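Peer 1: Shown below is the structure under consideration.
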Amino acid sequence: MRAVAVSSPRPLIAGSIATWHCEIVLRGAPIEAGGCVKTGYDLRGESGYEAFPQTADPSAANYASCEGPEGVTLRLEGYRSHHASHQAETLEEKIESESYYWRDLLGMYASLNLHILKIEVVEGRLEAGDRLRVTFGDTSGGSPGIQVPGQAKPDWRHFVMLQRTADAELELLGVDVLVVEPGEAVRLNVVAPSIASPYEEIPVAHVALDAFGNAVRHVRAQFPPADAEPEGFPETEGLHTLDRIRLTDEVVGLEGQSNPIELVEEPEYRLFWGEIHGHSCLSDGGQRTPEQFYHWGRDTALLDFCALTDHDFGIHLYDVEKYWAIIRQAARDFNESGRFVTLLGWEVSHAGMTEGEAYGHKNVYFAGDEAPFYSSSPYGKWRANASYTHIEELVELLEDWGGEFMLVDHTSHGITDWSRFVEHYTRLVEVYSLFGGSEAQDVPWPVGPLRRSEGKTSRDGLDLGLQMGFTGGTDTHMGAPAAYRETSFGHGHVPGMTAVWATELSRAAIWEALWNRRTYAVRAERILLHTAVNSAMMGEEISLQAEGEPRRIALSVAGTAPIETVELIHNGSTLRTWTGKGRWEMAIEFEHAEPMRGLAAAPELGYYYARVIQEGGGVAWSSPTWLRLP
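Written out as structure tokens, the structure reads:
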């Protein structure tokens with residue numbers, strides 16, 4: 022018999038209440054009184070999951086029990102290891118916790134969040150060959166069971182470790198896995214190209230999702246080209262649109278509606294959807310590997326492009342060369358022009374631990390398959406092994422390397438120091454993630470720390486004359502980019518995405534669009550948004566001949582639900598608001614004839630951007646269009 026074997030009497034369904042067992046056969050030297058067995062399961066990425074095993078009340082939820090050999094007295098204790106390690110002040114303290122021991126012993130693809138049942142020997146001792154039977158969610162005393170994680174997975178790992186005496190080091194006995202299956206489908210996500218020609222086949226994908234965003238069923242189809250000329254399609258307020266495609270999946274019994282499709286005879290740019298900020302198990306991104314991260318982005322979220330940006334300190338703590346090679350290889354393997362594009366990158370996570378270093382988190386992206394890795398680890402003794410301390414030093418290292426790179430600020434921690442802005446290379450700012458919006462303090466869904474931070478928002482940066490476009494994402498810590506519902510058991514986070522206007526779906530074209538800020542951010546929904554100031558689209562810059570030169574502003578929106586408001590923001594303030602009045606599509610033309618005034622911090626510059634809010638909480642933020650005064 023295997024040393025560790027886990028099983029369940031019936032299939033485990035994501036998010037359900039269930040019971041399962043762990044059979045343990047001891048090996049090696051005895052476990053003396055004061056020693057213990059620790060069995061636990063991996064739940065990193067299950068934000069808000071509190072269902073760790075308890076042993077005090079057999080009638081309450083999450084009760085766990087253990088049967089052992091006669092003559093041995095055992096004491097049981099359930100707890101969550103990540104909580105203790107997370108509160109540690111230094112990495113030296115953190116690595117004393119089980120979570121780091123587990124990772125060190127198991128190597129790559131391990132977790133930092135274990136829910137543990139400690140089985141301590143009080144009297145007697147456990148010998149080689151002795152058996153323990155652990156029941157998680159023991160219902161014999163009236164407990165309803167224990168909650169299964171919301172992430173469906175084929176390999177939910179359960180670990181068993183030993184301390185043979187009270188002061189012995191932890192050692193790994195074995196690992197086994199359970200399968201967690203998706204639950205019942207509750208939503209049909211239908212995705213079609215936002216921009217299409219009427220003379221080409223239109224690919225349509227749909228995926229049925231359960232309540233936790235797990236894919237239940239995938240279907241892909243091709244709609245044939247239309248016979249009519251482009252002008253033969255219905256025209257609504259200046260948009261040539263095909264009615265949103267409505268599909269019924271008879272297998273799961275759900276109906277769904279696609280994003281709006283705009284038909285353009287010869288489009289200069291197509292609109293592509295992606296997520297460029299997320300984490301895998303190689304740092305603190307749950308249990309999904311880089312390969313599984315990209316699989317989710319391509320096949321479940323139905324994205325066009327994706328970037329894995331694992332934390333530099335997570336990679337740095339272990340085998341940098343091996344981990345960085347895995348990340349590079351995954352990006353290379355999943356990059357396929359015309360189908361799915363990947364970008365190589367990592368997150369600069371040194372938020373600043375001492376005075377003068379609090380420049381905030383940034384993501385670094387590379388144009389190609391090969392790039393160096395530099396760590397900024399701020400923790401304890403590991404700090405001495407960091408490649409640099411200040412962001413300016415990182416830029417020098419990358420410039421010396423000589424390849425193409427860019428930086429994107431993200432302000433979810435409310436610590437961005439705009440005085441440390443990196444000119445030229447910082448092209449974008451993450452205006453929305455599942456943690457909330459960084460646009461401004463007084464807008465819906467602000468990131469929590471921004472409520473307490475002055476001068477740290479994305480708009481604060483714009484008002485300093487920092488020319489940044491907008492991105493949206495998740496900053497997923499469960500390895501699930503653009504997940505419709507972050508698996509969080511009621512945590513309530515809503516993901517974002519980044520839309521880019523690019524000539525084609527290739528890495529070079531996506532890179533060019535990101536670099537030139539032809540982007541906009543959305544919360545949850547694939548809203549179709551055009552903006553133009555005179556002849557310049559979002560992200561671009563134009564020069565005015567005179568301060569009094571009128572600006573012709575054009576906005577067009579096609580939502581996935583009725584539009585509530587379209588707002589035009591100019592130099593930090595809302596200039597004009599239009600109401601949707603139940604319409605799904607709006608086309609607006611507006612002339613701003615007042616003399617152009619520059620920003621207080623940069624009198625030569627001004628900007629406009631649009632914010633769209635639709636029913637149900639969908640939001641879109643266009644990248645600013647910049648104006649340079651004479």
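Residue numbers (the working numbering): 22 to 651.
Ideal Cβ placement from N, Cα and C applies to all residues, glycine included.
Here the structure is a predicted model, which means the values were calculated and not measured.
#1: Do the CB positions of Gly56 and Arg185 come within less than 7 Å of each other?
#2: So is Arg31 buried or exposed if we call it buried at 16+ other beta carbons inside 10 Å?
#3: Spatial neighbours of Thr598 within its chain, please: CB distance less than 6 Å, with the 5 preceding and 5 following residues excluded, ordered by chain position.
#4: With DSSP as the reference, label Gly482 as helix, strand or coil.
#5: If we ignore side chains and look at the alpha-carbon of each, how far apart do Arg96 and Phe314 end up?
#6: I need the DSSP call for Asp438, collapsed to helix, strand or coil.
#7: Quick check: the Cα distance between Gly145 and Val58, rounded to an integer number of angstroms?
#8: Just tell me which of Asn235, Val46, Leu230 and Ser594 has its CA closest to the CA of Asp463.
#9: Taking C-beta to C-beta, are Val27 and Ile45 nearer than 7 Å?
#10: Indicate the three-state DSSP secondary structure (helix, strand or coil) for Asp63 in the structure shown.
#11: Okay, do the segment 531–543 and the segment 342–355 touch, 3+ Cβ pairs below 8 Å being the bar?
#12: Excluding five sequence neighbours on each side, which residues of the same chain lie with their C-beta closer than 6 Å to the C-beta of Thr497?
#13: Three or more beta-carbon pairs under 8 Å between the segment 309–326 and the segment 544–553, yes or no?
#14: Under the rule that 16 or more other beta-carbon atoms within 10 Å means buried, what is Glu451, buried or exposed?
#15: Using a Cβ distance threshold of 8 Å, determine whether the segment 73–81 contacts the segment 224–241, with at least three qualifying pairs required.
#16: How far does the beta strand (DSSP E) with Pro224 in it extend, from its first residue to its last?
#17: Between which two residues does the alpha helix (DSSP H) containing Arg349 stretch?
#18: For Gln89, I'd like the list of residues in its chain whose CB is within less than 6 Å of its CB, leaving aside the five on either flank, ordered along the chain.
#19: Looking at C-alpha atoms only, which residue of Ile574, Lys477 and Ala567 is the closest neighbour of Met559?
#20: May I have the straight-line CA-CA distance separating Trp41 from Ser304, to the nearest angstrom?
#21: Using DSSP's beta-bridge definition, name the partner residues of Val429.
#22: Where does Glu444 fall in DSSP's three states?
#23: Between which two residues does the beta strand (DSSP E) containing His551 stretch?
#24: For Thr478, which residues in the same chain have their Cβ closer than 7 Å to its Cβ, ignoring the five residues on either side in sequence?
#25: Please tell me whether Ala229 and Val273 are closer than 7 Å, where the distance is taken between their beta carbons.
#26: In this structure, how does DSSP classify Phe491 when only helix, strand and coil are distinguished?
#27: When you compare the CB positions of Thr524 and Thr492, do they come within less than 7 Å of one another, or not?
#28: Considering only the alpha carbon of each residue, which of Ala236, Ala631, Ala582 and Gly424 lies closest to Ala173?
Peer 2: Reading from the atomic positions:
#1: Residue numbering aside, residue 56 sits at position 35 when the sequence shown is read from its first letter. Residue numbering aside, residue 185 sits at position 164 when the sequence shown is read from its first letter. Their beta carbons are under 7 Å apart, which means Gly56 touches Arg185 by this criterion.
#2: Within the sequence shown, numbered from 1, the residue matching residue 31 stands at position 10. Of the other Cβ atoms in all chains shown, fewer than 16 fall within 10 Å of the Cβ of Arg31; this residue is therefore exposed.
#3: Residue numbering aside, residue 598 sits at position 577 when the sequence shown is read from its first letter. So the qualifying residues of the chain are Thr586 and Glu588.
#4: Reading the sequence shown from its first residue, position 461 is the one you call residue 482. The answer is helix: DSSP assigns Gly482 an H, G or I state.
#5: Walking along the sequence shown from the start, residue 96 turns up at place 75. Walking along the sequence shown from the start, residue 314 turns up at place 293. For Arg96 and Phe314, the distance between alpha carbons rounds to 39 Å.
#6: By 1-based counting over the sequence shown, the position of residue 438 is 417. Here Asp438 sits in coil by DSSP.
#7: Along the sequence shown, one-based indexing puts residue 145 at 124. Along the sequence shown, one-based indexing puts residue 58 at 37. If I take the Cα positions, the gap works out to 14 Å.
#8: In the sequence shown, the residue the question calls residue 463 occupies position 442. Nearest of Asn235, Val46, Leu230 and Ser594 to Asp463, Cα basis: Ser594.
#9: Residue numbering aside, residue 27 sits at position 6 when the sequence shown is read from its first letter. Residue numbering aside, residue 45 sits at position 24 when the sequence shown is read from its first letter. For Val27 and Ile45, no; Cβs fall outside 7 Å.
#10: Position 42 of the sequence shown, counted from the start, is the residue given in the question as residue 63. Strand, per DSSP.
#11: no
#12: Looking up residue 497 in the sequence shown gives position 476. Excluding residues within five positions, the ones whose Cβ falls inside 6 Å are Gly299.
#13: The segment 309–326 makes no contact with the segment 544–553, as fewer than three CB pairs between them are under 8 Å.
#14: Walking along the sequence shown from the start, residue 451 turns up at place 430. Glu451 is buried by the Cβ-count criterion.
#15: no
#16: Locating residue 224 in the sequence shown gives position 203, where the first residue counts as 1. Note, Pro224: beta strand (DSSP E), Ile223 to Leu230.
#17: The sequence position of residue 349 within the sequence shown is 328, counting from 1. Counting along the chain, the alpha helix (DSSP H) containing Arg349 begins and ends at Val341 to Phe355.
#18: Working through the sequence shown from its first residue, we reach residue 89 at position 68. Checking the sequence, you will find Gly at residue 89 rather than Gln. The residues are Leu95 and Leu153.
#19: To locate residue 559, count along the sequence shown from 1; it is residue 538. Of the listed residues, the one whose Cα sits closest to Met559 is Ile574.
#20: Walking along the sequence shown from the start, residue 41 turns up at place 20. Walking along the sequence shown from the start, residue 304 turns up at place 283. Rounded to the nearest angstrom, the two C-alpha atoms are 29 Å apart.
#21: Residue 429 sits at position 408 when you count from the first residue of the sequence shown. Val429 is bridged to Asn384 and Leu449.
#22: Along the sequence shown, one-based indexing puts residue 444 at 423. Glu444: coil per DSSP, three-state reduction.
#23: Along the sequence shown, one-based indexing puts residue 551 at 530. Taken as a continuous stretch (DSSP letters only), the beta strand (DSSP E) holding His551 covers Leu549 to Val554.
#24: On the sequence shown, position 457 is the one that residue 478 refers to. Around Thr478: Thr432, Ser459, Glu460, Ala461, Gln462 and Leu471.
#25: Position 208 of the sequence shown, counted from the start, is the residue given in the question as residue 229. Position 252 of the sequence shown, counted from the start, is the residue given in the question as residue 273. In this structure, Val273 lies closer than 7 Å to Ala229 by Cβ.
#26: Taking the sequence shown and counting its residues from 1, one reaches residue 491 at position 470. Phe491 falls in the strand class under three-state DSSP.
#27: As a working mapping, residue 524 is identified with position 503 in the sequence shown. As a working mapping, residue 492 is identified with position 471 in the sequence shown. For Thr524 and Thr492, no; Cβs fall outside 7 Å.
#28: The residue you call residue 173 lines up with position 152 of the sequence shown. Among Ala236, Ala631, Ala582 and Gly424, the Cα nearest to that of Ala173 is on Ala236.
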